[in-house]
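Student: Please see the structure below; I have some questions.
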C-alpha cells in the first residue's frame with residue numbers, strides 16, 4: 050500500500066508511528082487505536098481504566114489473529130484513559146485499544162478517521178466518539194456540494210472524492226479516487242509532512258511471515274533430504290511429488306507423526322547415495338490453497354502440476370468470492386505463489402485472479418451473528434420445506450446487498466413468495482406461443498407493445514450489468530417491476546403478439562439464475578420450449594428498443610427534490626434548465642430569488658442553488 054508514515058505523540062511525549070494510505074484525512078483523525086499488545090498500552094493506561102484494559106487484553110490473548118480480523122466479528126474496544134496529540138492540528142485525541150489491530154501487522158497502531166472509513170465510523174458511533182468530516186463531496190462542476198457534511202448528522206462514512214475541508218492550509222485541495230502520489234490531496238499532504246518533519250512517504254507491504262511452526266500431518270511435505278555428509282539437498286525431480294504415508298501413529302507430543310514413522314523418513318542421499326532422512330516438518334495448508342485452483346484444471350494430469358493447455362484456456366480466475374479475512378492471508382500467499390511461478394516461467398501474467406468479491410453475513414433477527422448459544426440460528430432446511438428452495442434462494446438474493454449482508458427477517462420472505470406465485474400465474478395463463486394462441490378479442494392498445502418491449506430490454510440491460518456487479522437485490526427489484534409492466538400489457542391486449550412471446554422468453558432467461566427450478570418448469574411446460582432454459586444463450590439488448598422520446602428529470606432546489614419535469618430526450622441543456630426553473634415546484638422555493646447557479650447532470654437531475 051502506498052501512503053505515509055506519520056509520528057503521533059502521547060500527551061507525555063512518547064512517539065507512536067502509524068502508517069496510512071490516506072494522509073489527506075489526517076485532520077479528521079479523532080482517536081487512535083492500539084493493539085492490546087502494544088508496548089505503550091501499559092504506560093498510557095490510567096488507574097481508572099486499568100481493570101477494563103487488563104480484562105480486554107486477556108480476552109484478546111485468547112483469540113488467534115485470524116479470529117481477531119474476521120470480517121463478521123463485532124468490533125469492540127476499551128478506552129485507555131490516555132491521549133495522543135494529532136501532529137497536524139495539535140488536537141488532543143483519545144487512545145483506545147481494540148483486538149482488530151494487530152502487533153504482527155504494521156506498527157500496531159492506527160489513526161481513526163470515522164468520517165471517511167466504514168470501520169472507524171461504526172466504532173465511533175458505538176462508543177460516542179467525535180466525527181470530523183475533512184473531505185466534502187463536489188458537484189459535477191467541481192464546486193463543493195451543499196449542505197456541508199456534519200459529523201453529528203452523518204449516517205455513514207463518506208468514501209468518495211471531493212475537496213478538503215476542516216484541514217487548515219489544505220482547505221479546497223482536490224481529492225480524487227487515485228492512490229498514492231497520483232492523488233493531488235495525498236501528494237500535497239505528504240510534502241507537508243516531510244517539510245514539517247512529522248512524517249514521510251512510505252510503502253507498507255501486506256505479505257506477512259508464513260507461519261509453519263504449527264505442524265499438521267496432512268500439510269504439504271517439504272521435499273528436502275538431509276545427509277550427514279552432504280547436508281541438505283532437494284528431492285530429485287523424478288521422485289516428486291513426495292506423498293504422505295497412510296500408517297502414521299498419533300502421539301501427544303506436539304510434533305509431526307512423520308518424525309516417528311519407522312520407514313517413511315528414511316531414504317538415500319541424492320548426492321552420495323548414503324542413508325539420509327527426509328524433512329519431517331510439513332508446510333502450512335495455505336501452501337496447498339495457494340495453487341489448488343490450478344490443480345482443479347487438470348486433476349488427472351501426471352506430467353506436472355497442471356496441463357499447460359488447460360492453464361492457457363482457463364486462467365486467470367475471473368472472480369474469487371470469499372470472506373474479507375482471505376484478503377490478507379490466503380490470497381496474499383496465492384499472489385506470492387503466482388508471482389514466483391511467473392518469474393520461474395511456469396505461470397503467466399501478474400495476477401492469478403481478476404477480481405475479489407467479499408460476501409456479507411446473514412445475521413440473526415436480533416442483529417447479532419447467528420450462534421447456537423444465542424438461540425438465533427435460522428435453519429434453511431425448515432424454510433425450504435415450507436417455501437421451496439427457489440423462494441428461499443430468491444429471498445436471500447433480494448433482502449440485502451450481497452457484499453453487505455443484513456439481519457434476517459422471517460416475515461420478509463413472504464414478499465418473494467407472492468412474487469413467484471404471480472410469475473407462475475401469469476405464465477400458466479398466457480404462456481401459449483402466439484402462433485398457437487386464440488385470436489384476441491381486441492387489438493393491443495396503441496403504444497402498448499412498444500412500451501412493453503422498451504421495458505423488457507431496459508430491464509435486460511440493467512439485469513445484465515447487475516449480475517456482473519453481484520447486485521442481486523436490484524436484479525430482483527428490476528424483475529418485479531417488469532412483471533408489473535407485463536400484467537399491465539396483458540390488460541392492454543398485448544397477449545398473442547410476438548412482443549408478448551419475446552417478453553416471456555427473455556423474462557425466463559433472466560429469472561433462471563434466481564429461481565432455477567421454477568424457471569425450468571415454466572420454460573418447458575408453460576412455453577413448450579425444449580429442455581433446458583439453463584443452456585440457452587443470454588439474450589442481447591436491442592439498443593433501438595430502449596430509446597425513449599421523452600425523459601423525466603428530477604428538479605432539486607438546494608439539493609432537495611421539489612419537482613419533476615418531462616422533456617424531449619434530445620433537449621439541450623439550456624432548454625432543460627429553463628424548464629426546471631419554470632416548474633411549479635421549483636418556483637415555490639425559488640420565490641423570485643436570483644439563482645446562484647443551476648447545475649445539470651445529463652439525464653439525471655437539475656439542482657437550482659439559491
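Numbering (our numbering), first residue to last: 50 to 659. All residues carry an ideal CB built from backbone N, CA and C; glycine is no exception.
In chain order, which continuous runs of the beta strand (DSSP E) of length 3 or greater are located wholly inside the segment 204-261?
Tutor: 211-213 and 248-252
Student: Residue 280 lies in the alpha helix (DSSP H); which residues open and close that run?
Tutor: Here residue 280 corresponds to residue number 231 of the chain shown, with the count starting at 1. From DSSP, residue 280 is part of no alpha helix (DSSP H) but of the beta strand (DSSP E) over 280-283.
Student: Run through DSSP, which three-state label would residue 275 get?
Tutor: As a first step, residue 275 must be located in the chain shown, where it is residue number 226. The DSSP-derived three-state label of residue 275 is strand.
Student: Could you have a look at residue 339 and say whether DSSP puts it in helix, strand or coil?
Tutor: One-based indexing of the chain shown puts residue 339 at position 290. Looking at residue 339 - three-state DSSP - the assignment turns out to be coil, as it is neither helix nor strand.
Student: Which residues does DSSP pair with residue 455 in a beta bridge?
Tutor: Start at 1 with the first residue of the chain shown, and residue 455 comes out as number 406. Paired residue(s): 411.
Student: What are the start and end residues of each continuous alpha helix (DSSP H) run of 4 or more residues lying completely inside the segment 365-445, in chain order?
Tutor: 379-392 and 429-436
Student: Per DSSP, what kind of secondary structure is residue 87 in: helix, strand or coil?
Tutor: Start at 1 with the first residue of the chain shown, and residue 87 comes out as number 38. Residue 87: coil per DSSP, three-state reduction.
Student: Determine the DSSP secondary structure at residue 51, reduced to helix, strand or coil.
Tutor: Here residue 51 refers to the residue found at position 2 when the chain shown is read from its first residue. Strand, per DSSP.
Student: Could you name the residues of the same chain whose beta carbon sits closer than 7 Å to that of residue 211, not counting the 5 residues immediately before and after it, in chain order?
Tutor: Position 162 of the chain shown, counted from the start, is the residue given in the question as residue 211. Contacts found: 184, 185, 186, 187 and 224.
Student: Look at the Cβ atom of residue 158, then the Cβ atom of residue 65, and state whether they are nearer than 8 Å.
Tutor: Within the chain shown, the letter at position 109 stands for residue 158. Within the chain shown, the letter at position 16 stands for residue 65. Yes, these two residues count as a Cβ contact at 8 Å.
Student: Does the Cβ-Cβ distance between residue 527 and residue 512 come in under 8 Å?
Tutor: One-based indexing of the chain shown puts residue 527 at position 478. One-based indexing of the chain shown puts residue 512 at position 463. Yes. Within cutoff.
Student: Just to confirm the assignment, what range does the alpha helix (DSSP H) spanning residue 629 have?
Tutor: For the purposes of this step, residue 629 is identified with residue 580 of the chain shown, where counting begins at 1. Start and end: 622-631.
Student: What ranges does the beta strand (DSSP E) occupy inside the segment 132-192, keeping only unbroken runs of at least 3 residues that lie completely in it?
Tutor: Those beta strand (DSSP E) runs which fall completely within the segment 132-192 and span 3+ residues are 141-146 and 158-161.
Student: Do the segment 373-382 and the segment 413-422 touch if we need at least three Cβ pairs shorter than 8 Å?
Tutor: no
Student: Pick from 306, 625, 299 and 327: whose alpha carbon is nearest that of residue 291?
Tutor: What you label residue 291 is simply residue 242 of the chain shown in a count that begins at 1. Out of 306, 625, 299 and 327, 327 has the C-alpha closest to the C-alpha of residue 291.
Student: Comparing alpha-carbon positions, which option in 108, 577, 343 and 460 lies nearest residue 366?
Tutor: As a working note, residue 366 is residue 317 in the chain shown. Of the listed residues, the one whose Cα sits closest to residue 366 is 343.
Student: For the alpha helix (DSSP H) containing residue 293, name the first residue and the last one.
Tutor: Here residue 293 refers to the residue found at position 244 of the chain shown. Here residue 293 belongs to no alpha helix (DSSP H), and DSSP marks it neither H nor E.
Student: Return the Cβ separation of residue 564 and residue 389 in integer angstroms, given the expectation that the two are a contact with Cβ distance under 8 Å.
Tutor: What you label residue 564 is simply residue 515 of the chain shown in a count that begins at 1. What you label residue 389 is simply residue 340 of the chain shown in a count that begins at 1. Not a contact, Cβ separation roughly 44 Å.
Student: In three-state DSSP terms, what is residue 609?
Tutor: Mapped onto the chain shown, residue 609 falls at position 560. Residue 609: strand per DSSP, three-state reduction.
Student: List the endpoints of the continuous beta strand (DSSP E) containing residue 469.
Tutor: For the purposes of this step, residue 469 is taken as residue 420 along the chain shown, with counting starting at 1. No beta strand (DSSP E) holds residue 469; the alpha helix (DSSP H) holding it covers 463-479.
Student: Please name the residue, chosen from 284, 419, 445 and 91, that lies closest to residue 317 on a Cα-to-Cα basis.
Tutor: Reading the chain shown from its first residue, position 268 is the one you call residue 317. Closest by C-alpha distance to residue 317, out of 284, 419, 445 and 91, is 284.
Student: Determine the extent of the beta strand (DSSP E) in which residue 315 is found, giving its start and end residues.
Tutor: As a first step, residue 315 must be located in the chain shown, where it is residue number 266. Residues 315-317.
Student: So the beta strand (DSSP E) residue 544 belongs to, where does it begin and stop?
Tutor: Translated into the one-based positions of the chain shown, residue 544 becomes position 495. From DSSP, residue 544 is part of no beta strand (DSSP E); its letter is neither H nor E.
Student: Kindly give me the distance between the Cβ atoms of residue 229 and residue 52, rounded to whole angstroms, as I take these residues to be in contact under 8 Å.
Tutor: The residue you call residue 229 lines up with position 180 of the chain shown. The residue you call residue 52 lines up with position 3 of the chain shown. Confirmed, Cβ separation roughly 7 Å.
Student: Assuming residue 601 and residue 611 make a contact with CB atoms under 8 Å, what is their CB distance in whole Å?
Tutor: Taking the chain shown and counting its residues from 1, one reaches residue 601 at position 552. Taking the chain shown and counting its residues from 1, one reaches residue 611 at position 562. The C-beta distance from residue 601 to residue 611 rounds to 14 Å, too long to fall under 8 Å, and the pair is not in contact.
Student: Is there contact here, the segment 162-178 with the segment 100-115, by at least three beta-carbon pairs under 8 Å?
Tutor: no
Student: Grab me the residues of residue 523's own chain with a C-beta within less than 6 Å of its C-beta, minus the 5 sequence neighbours each way, in chain order.
Tutor: For the purposes of this step, residue 523 is taken as the residue at position 474 of the chain shown. Excluding residues within five positions, the ones whose Cβ falls inside 6 Å are 515.
Student: In terms of DSSP beta bridges, what is residue 561 paired with?
Tutor: Within the chain shown, the letter at position 512 stands for residue 561. Secondary-structure assignment with DSSP links residue 561 through no beta bridge to anything.
Student: When you compare the CB positions of residue 73 and residue 213, do they come within less than 8 Å of one another, or not?
Tutor: In the chain shown, counting from the first residue as 1, residue 73 sits at position 24. In the chain shown, counting from the first residue as 1, residue 213 sits at position 164. Yes, these two residues count as a Cβ contact at 8 Å.
Student: In angstroms, rounded to a whole number, what distance separates the CA positions of residue 599 and residue 652?
Tutor: In the chain shown, counting from the first residue as 1, residue 599 sits at position 550. In the chain shown, counting from the first residue as 1, residue 652 sits at position 603. One C-alpha to the other measures close to 10 Å.
Student: Distance, Cα to Cα, residue 193 vs residue 480?
Tutor: Along the chain shown, read from residue 1 onward, the residue named residue 193 stands at position 144. Along the chain shown, read from residue 1 onward, the residue named residue 480 stands at position 431. Approximately 53 Å, taken between the alpha carbons.
Student: Mark residue 629 as exposed unless 16 or more other C-beta atoms lie within 10 angstroms of its C-beta, in which case mark it buried.
Tutor: Position 580 of the chain shown, counting from 1, holds the residue named residue 629. The residue in question, residue 629, is buried, as its Cβ has 16 or more Cβ neighbours within 10 Å.
Student: Once you ignore the five residues that flank residue 498 on each side, which residues in its own chain have a CB closer than 7 Å to its CB?
Tutor: For the purposes of this step, residue 498 is taken as residue 449 along the chain shown, with counting starting at 1. Taken in chain order, the residues that qualify are 543, 546 and 548.
Student: Buried or exposed: which applies to residue 680, given that a residue is buried once 16 or more other Cβ atoms fall within 10 Å of its Cβ?
Tutor: As shown, the chain starts at 50 and ends at 659. That puts residue 680 outside it, with no answer to give.
Student: Per DSSP, what kind of secondary structure is residue 487 in: helix, strand or coil?
Tutor: For the purposes of this step, residue 487 is taken as residue 438 along the chain shown, with counting starting at 1. Low local confidence applies: a pLDDT of 49 at residue 487 is under 50, so the model's placement there is unreliable, with the coordinate-based value given in what follows. Reduced to three states, the DSSP call for residue 487 is coil.
Student: Just how far apart, CA to CA, sit residue 593 and residue 648?
Tutor: Reading the chain shown from its first residue, position 544 is the one you call residue 593. Reading the chain shown from its first residue, position 599 is the one you call residue 648. Each residue's alpha carbon lies about 29 Å from the other.
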